[in-house]
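In this text, residue positions in the sequence shown follow UniProt numbering: the first is 1, and each later residue adds one. Single-structure report; data block below.
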Amino acid sequence: MEFEGLLRAKFVAFNIAGFAIGLVFYYQGFLDRIFHGDIALAAMIIGFVFVVGLIMTAYRVWKVGDELDRVKRGQGRMLSVESERALEMRLFSRISHIQHVANSLGLLGLIGTAWGFSLFAANITPDKVSNASSAGALVSTLAGGLGVAIYATMLGGIFCLWTTCNLQLLRGATASLCALIMDRAHAQKHQRAQLTTPPPAPHAPVPTPALGAALPRGAATSGGL
Numbered sequence: 001m002e003f004e005g006l007l008r009a010k011f012v013a014f015n016i017a018g019f020a021i022g023l024v025f026y027y028q029g030f031l032d033r034i035f036h037g038d039i040a041l042a043a044m045i046i047g048f049v050f051v052v053g054l055i056m057t058a059y060r061v062w063k064v065g066d067e068l069d070r071v072k073r074g075q076g077r078m079l080s081v082e083s084e085r086a087l088e089m090r091l092f093s094r095i096s097h098i099q100h101v102a103n104s105l106g107l108l109g110l111i112g113t114a115w116g117f118s119l120f121a122a123n124i125t126p127d128k129v130s131n132a133s134s135a136g137a138l139v140s141t142l143a144g145g146l147g148v149a150i151y152a153t154m155l156g157g158i159f160c161l162w163t164t165c166n167l168q169l170l171r172g173a174t175a176s177l178c179a180l181i182m183d184r185a186h187a188q189k190h191q192r193a194q195l196t197t198p199p200p201a202p203h204a205p206v207p208t209p210a211l212g213a214a215l216p217r218g219a220a221t222s223g224g225l
């Protein structure tokens, strides 16, 4: 039997591992560029959306994990199910907004890509291209725009994948909770049906006439003429 708090333990372990990997990349200097220039603005927006999604996911993980443990102990608040489909829709609708956060992170990464290309495309004019003295400024603008595009796409994809992994963990626990509630509800319904159904009445024995007893009027005898 699974011990209580398994869902919360999985969630905490996965996210601690993710933050640990991020710290390793930070101390190795791979993330230095995202804190400077236009890349910092894109990273701040994407990071803020990710943190909001992580907080909402953690809240739902704690709620689902607590209810799952309560149902396993037979103390759940929902032990009567009239419609299995309605229960499933109600439970999964509470985590649907996390999927929207994951999709938003992917879209923000694509928006950052378009923004990065627009940063250097807007500064390219025929005069600057034909002027050799402005080549250095064009290269610098091109590098900055490509940096925003690449880092925004990378951050959006990584955080989208991270949020999706947390969501899959939460979906599995929600499905387990739904199945467990249904099983307990059906078991209790079966027990109540057995307790309320009266036992079948015993069949009364059919009386047999004694030997020599008078036959009913009009009955024929075997030796009568």
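By construction, the Cβ of each residue, glycine as well, lies at the ideal position given by its N, Cα and C atoms. Remember, predicted model here, so these are calculated numbers, not experimental data.
Cβ neighbours of residue i in the same chain (closer than 7 Å, five flanking residues each side left out)
i, result
"Leu-7", "Val-61, Val-64, Gly-65, Leu-68 and Ala-173"
"Ala-40", "Ile-34"
"Gly-37", "Gly-144"
"Ile-124", "Leu-138"
8 Å CB neighbourhood of residue i in its chain, flanking five on each side removed
i, result
"Ile-98", "Gly-53, Met-56, Thr-57, Arg-60, Thr-163, Asn-166, Leu-167 and Leu-170"
"Ala-121", "Gly-145"
"Ile-46", "Leu-105, Leu-108, Gly-109, Gly-112, Ala-152, Leu-155, Gly-156 and Phe-159"
Three-state secondary structure assigned by DSSP to residue i
i, result
"Ile-111", "helix"
"Ile-46", "helix"
"Phe-159", "helix"
"Ala-143", "helix"
"Arg-21", "According to the sequence as given, residue 21 is Ile; it is not Arg. Correct three-state label for Ile-21: helix."
"Ile-98", "helix"
"Ala-13", "helix"
"Phe-30", "coil"
"Ala-149", "helix"
"Gly-65", "helix"
"Ala-122", "coil"
"Arg-70", "helix"
"Gly-5", "coil"
"Thr-221", "Any reading at Thr-221 must be qualified, since the residue scores a pLDDT of 46, below 50, and its modelled position is unreliable; no value is offered."
Nearest-angstrom beta carbon gap, residue j and residue i [assumed within contact, 8 Å]
i, j, result
"Ala-43", "Leu-155", "6 Å"
"Ser-104", "Val-49", "6 Å"
"Leu-91", "Leu-177", "7 Å"
Same chain, Cβ closer than 6 Å to residue i, five either side skipped, listed in chain order
i, result
"Ala-149", "Thr-113, Gly-116 and Phe-117"
"Thr-153", "Gly-109 and Thr-113"
"Cys-160", "Ala-102, Leu-105 and Gly-106"
"Phe-25", "Leu-31"
"Leu-142", "Phe-120"
Cutoff 8 Å: residue i Cβ touching any chain C Cβ
i, result
"Leu-146", "Within the model displayed, chain C is absent; a lone protein chain is all it includes."
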